[in-house]
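To keep things clear, I will list the structure first and then write my remarks on it.
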Amino acid sequence: MPLALLALAIGAFGIGTTEFVIMGLLPQVAGDYGVSIPTAGYLVTGYALGVMFGAPLMTVLGTKVSRKQMLMALMGLFIVGNLLSALAPAFAVMLIGRIVASLAHGAFFGIGSVVAAELVAPDKKAGAISMMFTGLTVANVVGVPLGTLVGQSVGWRVTFAIVAALGVIGLAGIARLVPDMPKPEGVRLRHELAAFKNVQVLLAMAMTVLGFGGVFAAITYIAPMMTHVTGFADGSVTWLLVLFGLGMVGGNLIGGKFADRALMPMLYVSLGALAVVLALFTLTAHDKLLSAVTIALIGALGFATVPPLQKRVLDQAHGAPTLASAVNIGAFNLGNALSAWLGGLVIAAGFGYTAPNWVGAALAAGALLLAFLSAALERRAGVPSTVVTGAASAEQRTAVHH
123 MPLALLALAI GAFGIGTTEF VIMGLLPQVA GDYGVSIPTA GYLVTGYALG VMFGAPLMTV
183 LGTKVSRKQM LMALMGLFIV GNLLSALAPA FAVMLIGRIV ASLAHGAFFG IGSVVAAELV
243 APDKKAGAIS MMFTGLTVAN VVGVPLGTLV GQSVGWRVTF AIVAALGVIG LAGIARLVPD
303 MPKPEGVRLR HELAAFKNVQ VLLAMAMTVL GFGGVFAAIT YIAPMMTHVT GFADGSVTWL
363 LVLFGLGMVG GNLIGGKFAD RALMPMLYVS LGALAVVLAL FTLTAHDKLL SAVTIALIGA
423 LGFATVPPLQ KRVLDQAHGA PTLASAVNIG AFNLGNALSA WLGGLVIAAG FGYTAPNWVG
483 AALAAGALLL AFLSAALERR AGVPSTVVTG AASAEQRTAV HH
């Protein structure tokens, strides 16, 4: 794998850390600014909305420059946003800083996925994408726990200053290691938007929303579930999330490896197994050992879907994949928001803290049904799921292969 993937993974590590570390620092931030915990929660919501709307916006703006230049600009935006959060004199300013940082998220992963895929041979594209996303998964194992510890020990502002420094390292790595990729000739906004007329692109994005939504239906409410149902102490939630992160790392790498060999079968297995494990979580949540194993499996199966789904979008939007790739990253965040809302509804309805697991199982099962539908439509059209037919596109003609 090219060293340029390391630079992309470092950037992904910083982005993953800043996205999730705030959840462990909300009490400290709320206390410093004198706001309630629910109000501080807008720092999470604002970031997610920024990713959803920022992904297409920044990607469209990026069509005017080369991909390397755009990746560098996005890391610059990420640095500015985290510095603003670290130095914010008021809560409103910190919220602005979070939104500024979030604008880089979707476009970075979207454009980065295209760049990663172009850096390697066609039969290694999903593996290259998974290498970049490894930075995001490792962030949940290392970055988030350490960032939370630092924030609780010496102050949350230090955490965001460190994250900004990670952005500087990522920016330097991209500048040094990512090769210059000229802006594709003949590809304009209307070409990028045309990809959304392809039903297969829309189905892949819907699978992303439902599949990843299934994961976060359970994980969003993992703290009250583990403490009130399983009987873990409050301090145990941190290492349980580390287990989830370790599962994410393993699943991401496995998904990337097997998606290059058999993409759709990989989706069938991972989504089907995810639905079963989430359903079983309503039972295993009552046992400490079984719940810990289940949490790791949810992380592994959930992230095993990421490389194949991202590659699926790239393959199906092969004429102009950049915008579609970035919007698919926003779809992950839409799935997070949707599942958290649905999980909250069933808890509020009195079904208990394990009820979101059933919601997650239903969402994952829905994603599996969409995968079967996608493959059936493809067979009817006579197009193999692992082969992109047609003449080389404008973007493919300018692709850089190593």
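So that you can map any letter, position 358 of the sequence shown is 480 in the numbering used here, and since no number is skipped, the others follow by simple counting. Glycine included, each C-beta is placed from N, C-alpha and C at the ideal position. Since this is a predicted model, take the numbers as computed values, not measurements.
Span separating the alpha-carbon of residue i from that of residue j
{"i": "LYS186", "j": "ILE469", "result": "47 Å"}
{"i": "VAL399", "j": "GLY219", "result": "37 Å"}
{"i": "LEU63", "j": "ALA397", "result": "Lying outside 123 to 524, the shown extent of the chain, residue 63 is not represented and no answer is given."}
{"i": "ALA418", "j": "ASN479", "result": "14 Å"}
{"i": "MET303", "j": "ILE132", "result": "20 Å"}
{"i": "ALA170", "j": "LEU405", "result": "31 Å"}
{"i": "ALA340", "j": "ALA134", "result": "24 Å"}
{"i": "TYR155", "j": "LEU205", "result": "17 Å"}
{"i": "LEU147", "j": "ALA503", "result": "51 Å"}
{"i": "THR281", "j": "GLY136", "result": "11 Å"}
{"i": "THR520", "j": "GLY292", "result": "With a pLDDT of 35 at THR520, under the threshold of 50, the predicted position of this residue should be treated as unreliable, and no value is reported."}
{"i": "ILE420", "j": "PRO149", "result": "27 Å"}
{"i": "LEU217", "j": "ALA395", "result": "38 Å"}
{"i": "LEU128", "j": "ALA294", "result": "12 Å"}
{"i": "VAL285", "j": "LYS410", "result": "33 Å"}
{"i": "TRP278", "j": "ARG501", "result": "53 Å"}
{"i": "ALA297", "j": "VAL182", "result": "21 Å"}
{"i": "ASN455", "j": "SER224", "result": "11 Å"}
{"i": "VAL391", "j": "GLN274", "result": "40 Å"}
{"i": "VAL321", "j": "LEU315", "result": "13 Å"}
{"i": "THR161", "j": "ALA214", "result": "11 Å"}
Cβ neighbours of residue i in the same chain (closer than 8 Å, five flanking residues each side left out)
{"i": "ASN450", "result": "GLY232, ALA326, MET327, THR330, LEU431, GLN432, VAL435"}
{"i": "PRO429", "result": "ALA248, GLY249, ILE251, SER252, PHE255, ASN374, GLY377, GLY378, ALA381"}
{"i": "ALA317", "result": "VAL323, GLN438, ALA439, GLY441, ALA442, PRO443, LEU445, ALA446"}
{"i": "THR416", "result": "VAL399, LEU402, PHE403, THR406, ALA407"}
{"i": "ALA226", "result": "ILE137, GLY176, MET180, LEU196, MET197, LEU199, PHE200, GLY203"}
{"i": "THR360", "result": "GLY146, PRO267, THR270"}
{"i": "GLY163", "result": "LEU148"}
{"i": "PHE230", "result": "GLY133, ALA134, ILE137, LEU193, LEU196, MET197, PHE200"}
{"i": "LEU165", "result": "ILE144, LEU148, VAL151, MET216, LEU217, ARG220"}
With 16 other Cβ atoms within 10 Å as the buried cut-off, status of residue i
{"i": "SER158", "result": "exposed"}
{"i": "HIS408", "result": "exposed"}
{"i": "PHE425", "result": "buried"}
{"i": "LYS190", "result": "buried"}
{"i": "GLY184", "result": "buried"}
{"i": "TRP463", "result": "exposed"}
{"i": "THR167", "result": "exposed"}
{"i": "LEU362", "result": "buried"}
{"i": "GLY353", "result": "exposed"}
{"i": "GLY472", "result": "exposed"}
{"i": "LEU467", "result": "exposed"}
{"i": "ALA483", "result": "buried"}
Beta-carbon proximity check, residue i vs residue j, cutoff 7 Å
{"i": "THR457", "j": "GLY357", "result": "Before going on, a small fix: residue 457 reads as Gly here, not Thr. In this structure, GLY357 does not lie closer than 7 Å to GLY457 by Cβ."}
{"i": "VAL276", "j": "GLY228", "result": "no"}
{"i": "ALA439", "j": "ALA446", "result": "yes"}
{"i": "PRO124", "j": "LEU241", "result": "yes"}
{"i": "VAL337", "j": "THR476", "result": "no"}
{"i": "LEU368", "j": "VAL263", "result": "yes"}
{"i": "LEU130", "j": "GLY234", "result": "yes"}
{"i": "TYR343", "j": "GLY465", "result": "yes"}
{"i": "ALA414", "j": "LEU365", "result": "yes"}
{"i": "ALA422", "j": "GLY372", "result": "yes"}
Contacting residues, own chain, Cβ-Cβ under 7 Å from residue i (five flanking each side not counted)
{"i": "LEU393", "result": "GLY333, THR427, ALA486, ALA489, LEU490, ALA493"}
{"i": "VAL202", "result": "VAL222"}
{"i": "ALA287", "result": "none"}
{"i": "ALA126", "result": "LEU241, LEU299, VAL300, PRO301"}
{"i": "VAL95", "result": "A query on residue 95 cannot be resolved here, the shown segment of the chain reaching from 123 to 524 and no further."}
{"i": "ALA117", "result": "No information on residue 117 is available, as it lies outside the stretch 123 to 524 that the chain covers here."}
{"i": "VAL290", "result": "ILE201"}
Same chain, Cβ closer than 6 Å to residue i, neighbours up to 5 away in sequence not counted
{"i": "LEU258", "result": "ALA134, GLY138"}
{"i": "ALA261", "result": "PHE135, GLY138, THR139"}
{"i": "VAL237", "result": "ARG189"}
{"i": "ASP245", "result": "ASP382"}
{"i": "GLY512", "result": "The predicted position of GLY512 is uncertain, since its pLDDT is 38 and thus under 50; a value taken from the coordinates is nonetheless stated next. Taken in chain order, the list of residues that qualify is empty."}
Heavy atom of the ligand HEM within 6 Å of residue i beta-carbon
{"i": "ASN320", "result": "Within the structure as shown, the ligand HEM is missing, as the structure has no ligands at all."}
(message) Does the structure place the stretch 341-350 close enough to the stretch 208-218 that three or more beta carbon pairs sit under 8 Å?
(response) no
(message) Whether or not the stretch 140-149 and the stretch 266-275 are in contact is what I'm after, with contact meaning three or more pairs of Cβ atoms, one per stretch, closer than 8 Å; do they touch?
(response) yes
(message) Closer than 8 Å is the cut-off here; do at least three beta carbon pairs connect the stretch 382-394 with the stretch 490-504?
(response) yes
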